[in-house]
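Engineer: The sequence shown begins at 214 in the numbering used here and counts up by one.
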Amino acid sequence: MRKFVTPILMVAMLFSLTVFGQNRFDRLATIDAMPEDVGGFGNFVAGVDLDDDGLLEIYTVNDDWYDQVGLDLVPRIY
214 MRKFVTPILM VAMLFSLTVF GQNRFDRLAT IDAMPEDVGG FGNFVAGVDL DDDGLLEIYT
274 VNDDWYDQVG LDLVPRIY
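#1: Going by C-alpha to C-alpha distance, which of 244, 220 and 228 sits closest to residue 271?
#2: Taking the DSSP output, what are the residues bridged to residue 257?
#3: Mark residue 264 as exposed unless 16 or more other C-beta atoms lie within 10 angstroms of its C-beta, in which case mark it buried.
#4: By a C-beta neighbour count over all protein chains shown, 10 Å radius and 16 as the cutoff for buried, is residue 262 buried or exposed?
#5: Have a look at 215, 273, 223 and 229 and flag the residue whose alpha-carbon is nearest the alpha-carbon of residue 254.
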């Protein structure tokens, strides 16, 4: 019985330490989707300067996993 309980306790402690060791994430702003984007956003890249103008940009791509016919069939980068 002890050989069974000890590994389970160790795994439970490991997971609890990783969960409680995280910093709190405060959402400061949101990016609203266009009405044509019914699937939401897929992923984003932030804090890069791709056009070398000295300003940091935020790029996001719409999610095409849940397309609806006639509404959201074109991937867009914002």
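From the three backbone atoms N, C-alpha and C, an ideal C-beta is built for every residue, glycine too. Nothing here was measured: the structure is a model prediction, and the numbers come from that model.
Structural biologist: Inspection of the coordinates gives the following:
#1: 244
#2: 273
#3: exposed
#4: exposed
#5: 273
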